[in-house]
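Step one of this worksheet: look at the structure below.
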Amino acid sequence: MSAKTTPLYPLYKGKARTFNFEGWEMPLWFTSIEDEHMAVRTNAGVFDISHMTRTRIEGREATLFLDYALTAKISGLKAGRLAYTYVLNENGGIIDDGIVFSLSEDSFVFVTNACTHPKLFLTLKQRAKRFPSVRVEQDSENNAMIALQGPNSLKILKQKLSLDMSQKRKFELVTTDSLIVSRSGYTGEDGVEIIGNKERTSELFQAFIEAGAKPCGLGARDTLRLEMGYPLGCVDINESVNPYEVGGERFVDFTKDFVGKSALLGIKPTRRLRGVISDTQVVLRSGYEVTLESGVTTRLTSGTLSPILKRGIALAFFPLSVKAGERGSVKIRAQEVLVSVVDPPFIKK
1 MSAKTTPLYP LYKGKARTFN FEGWEMPLWF TSIEDEHMAV RTNAGVFDIS
51 HMTRTRIEGR EATLFLDYAL TAKISGLKAG RLAYTYVLNE NGGIIDDGIV
101 FSLSEDSFVF VTNACTHPKL FLTLKQRAKR FPSVRVEQDS ENNAMIALQG
151 PNSLKILKQK LSLDMSQKRK FELVTTDSLI VSRSGYTGED GVEIIGNKER
201 TSELFQAFIE AGAKPCGLGA RDTLRLEMGY PLGCVDINES VNPYEVGGER
251 FVDFTKDFVG KSALLGIKPT RRLRGVISDT QVVLRSGYEV TLESGVTTRL
301 TSGTLSPILK RGIALAFFPL SVKAGERGSV KIRAQEVLVS VVDPPFIKK
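full-length UniProt numbering puts the sequence shown at residues 1 to 349.
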């Protein structure tokens, strides 16, 4: 079965190194991961993120449904705001994490990872049966999504869209020219994410490049999020992981009922997702085994070489007894690489 392509694919076909990511033919890089990473850290980069699943939720009981289906309290979310949240199973495990875009009191867009589609959508549809007025519809086929990220991103946005997002706080959005523009991202830099029709987002993707933004692939998106210590769905997060273990307690509102609440209240966490950094310039990868001087062993859930630090960085679950600063080693083929346990982010923003 051939991979799906996004509406922006014709813009970079033959111009980028592409790969199959969760059933989508996506750009891995255009020039190099390091070039694109540094462009976002120092100037601006633009990403095609149309592979992300977008679900539209509408109806009189939409906030009641979202409060029940998700961990965040969406009934207290004002129109024009965003909320990071989890979808849990009955055991308190994370099916996925995502962002809720509040368009009005009865209209929302929920953006989640491509790897959980269509399971997550079917889960939401099932949970919506308790709320007859609620409509849960797939919205990914009707539009596209891009991210403009970096210290100069708002300047480029204003130049090409005549929209000043500097007056908006992080996790706020505006709707303009049939677009949803939010001050959000997955890189640790300032920037926006834009959802809109296929033609308009394609035009903006090209316009941002013309204005100086570098086209970026998912390779740089991964190294950027890892430098910030952001976990990735289906990689660092899955249904065997609960919010406590990834430091996500603040995204769980126990003042309301939600699927997984009872189980979560009964869980006593025993491990935590922490950072691992090497002493030298090596690439740390998912699956590598870490052995601490204390004798604790675990495996990296994701890792890379930081273009900023020129050292290997990774995430891994450690027992709560393990503290930042503890030393150990990672075995890379026949080589033992010295590492330290740290608390992310790896770089300060």
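Every residue, glycine too, gets a C-beta built ideally from N, C-alpha and C.
* Unbroken beta strand (DSSP E) runs of length 3 or more, entirely within the segment 90 to 123: which are they? -> Taking 3 residues as the shortest admissible run, the segment 90 to 123 contains the following complete beta strand (DSSP E) segments, listed from N- to C-terminal end: 94 to 104, 107 to 112.
* To do: Report back the beta-carbon spacing between Ile94 and Glu239 to the nearest angstrom; my notes put them in contact at under 8 angstroms.
  => Contact holds; Cβ gap of about 6 angstroms.
* Does the distance from the C-beta atom of Ala263 to that of Gly92 stay below 8 angstroms? -> The answer is yes: Cβ separation under 8 angstroms.
* In the DSSP assignment, what residue or residues form a beta bridge with Pro319? -> Answer is Arg271.
* Asked: Straight-line CA distance for Pro118 to Lys155?
  -> Roughly 37 angstroms between the two C-alpha positions.
* **Rounded straight-line distance, which links the Cα of Ala3 to that of Gly295** => Spanning the two alpha carbons is a distance of roughly 44 angstroms.
* **Distance CB(Leu88)-CB(Val341) smaller than 8 angstroms** => No; because the gap between Cβ atoms is not below 8 angstroms, this pair is not in contact.
* Which listed residue (Met26, Glu210, Gln281, His37) has its alpha carbon closest to that of Glu189 -> The shortest C-alpha to C-alpha distance from Glu189 to any of Met26, Glu210, Gln281, His37 is the one to His37.
* Cβ distance (whole Å) where Val290 is taken to contact Thr298 below 8 angstroms -> About 5 angstroms separates the CB atoms of Val290 and Thr298; that is less than 8 angstroms, so the two are in contact.
* Asked: Is Pro7 closer than 8 angstroms to Ala144 when the C-beta atoms are compared?
  -> Contact check for Ala144 against Pro7 passes: the beta carbons are separated by less than 8 angstroms.
* Would Arg54 be called buried (16 or more neighbouring beta carbons within 10 Å of its own) or exposed? -> Buried: at least 16 other Cβ atoms inside 10 Å.
* Quick one: grab the DSSP three-state call for Met26. => Secondary structure of Met26 (DSSP, three-state): strand.
* **residue 375 and Ile180 closer than 8 angstroms at C-beta** => There is no way to answer for residue 375, as the model of the chain reaches only from 1 to 349.
* To do: State the DSSP-derived secondary structure class of Gln159, mapped to helix, strand or coil.
  => For Gln159, the three-state secondary structure derived from DSSP is helix.
* Residue-level contact to chain B via CB, Thr116, 8 angstroms cutoff -> Protein chain content of the structure displayed is limited to a single chain, and chain B is not contained in it.
* For the beta strand (DSSP E) containing Ser329, list its first residue and its last residue. => Run containing Ser329: 327 to 332, per the beta strand (DSSP E) assignment.
* Asked: Which full runs of the alpha helix (DSSP H) of 4+ residues lie inside the segment 27 to 76, going along the chain?
  -> The segment 27 to 76 contains these whole alpha helix (DSSP H) runs: 33 to 42, 62 to 69.
* Pull up the CB-CB distance for Asp96 and Gly233, whole angstroms please, since I reckon it's below 8 angstroms. => Indeed they touch by this definition, with Cβ atoms about 5 angstroms apart.
* Nearest-angstrom beta carbon gap, Ile49 and Ala207 [assumed within contact, 8 angstroms] -> In fact, because the Cβ distance is near 17 angstroms, the residues do not count as touching under 8 angstroms.
* Asked: I think Val109 touches Leu124, with their Cβ atoms under 8 angstroms apart; what is that distance to the nearest whole Å?
  -> About 12 angstroms; that fails the 8 angstroms criterion.
* **Terminal residues of the beta strand (DSSP E) in which Gln335 lies** => In this chain, the beta strand (DSSP E) harbouring Gln335 covers 335 to 342.
* To do: Return the CA-CA distance between Tyr230 and Lys348, expressed in angstroms with no decimal places.
  => Their backbone Cα atoms lie some 13 angstroms apart in a straight line.
* Where does Val254 land, buried or exposed, given buried means 16+ other C-beta within 10 angstroms? -> Per the sequence presented here, residue 254 reads as Phe, with Val not at that position. Classification for Phe254: exposed.
* Run the CB neighbour count on Lys331, radius 10 Å, all protein chains shown included, and call it buried at 16 or more, exposed below. => By the 10 Å Cβ count, Lys331 comes out exposed.
* **Sufficient close CB pairs (3 or more, under 8 angstroms) joining the segment 196 to 216 to the segment 165 to 175** => Too few Cβ pairs lie closer than 8 angstroms, so no.
* Asked: Would DSSP call Leu82 helix, strand or coil?
  -> Annotated three-state conformation of Leu82 is strand, per DSSP.
* Look up Pro215 in the DSSP assignment and say whether it is helix, strand or coil. => In the three-state scheme derived from DSSP, where H, G and I count as helix and E and B as strand, Pro215 is classed as strand.
* Span separating the alpha-carbon of Gln126 from that of Gln138 -> Using only the alpha carbons, I get a separation of about 14 angstroms.
* Asked: Which one of Asp257, Gly45, Val246, Ile99 has the shortest CA to CA distance from Leu182?
  -> Checking the sequence, you will find Ser at residue 182 rather than Leu. With respect to the C-alpha of Ser182, the residue from Asp257, Gly45, Val246, Ile99 having the closest C-alpha is Ile99.
* Could you check what DSSP says for Ser166 in three-state terms: helix, strand or coil? => Residue state, collapsed to three classes: helix.
* In angstroms, rounded to a whole number, what distance separates the CA positions of Ala128 and Ile194? -> Cα to Cα, the separation comes out at about 27 angstroms.
* Nearest-angstrom beta carbon gap, Val337 and Ser278 [assumed within contact, 8 angstroms] -> Contact holds; Cβ gap of about 5 angstroms.
* Taking Cβ to Cβ, would you say Arg274 is nearer than 8 angstroms to Asp222? -> Here Arg274 is not near Asp222, since their CB atoms are 8 angstroms or more apart.
* Continuous beta strand (DSSP E) stretch holding Ile180: start and end -> Its beta strand (DSSP E) spans residues 179 to 182.
* **Spatial distance of Gln167 from Lys158 (CA atoms)** => The straight-line gap separating the alpha-carbon atoms of Gln167 and Lys158 is approximately 12 angstroms.
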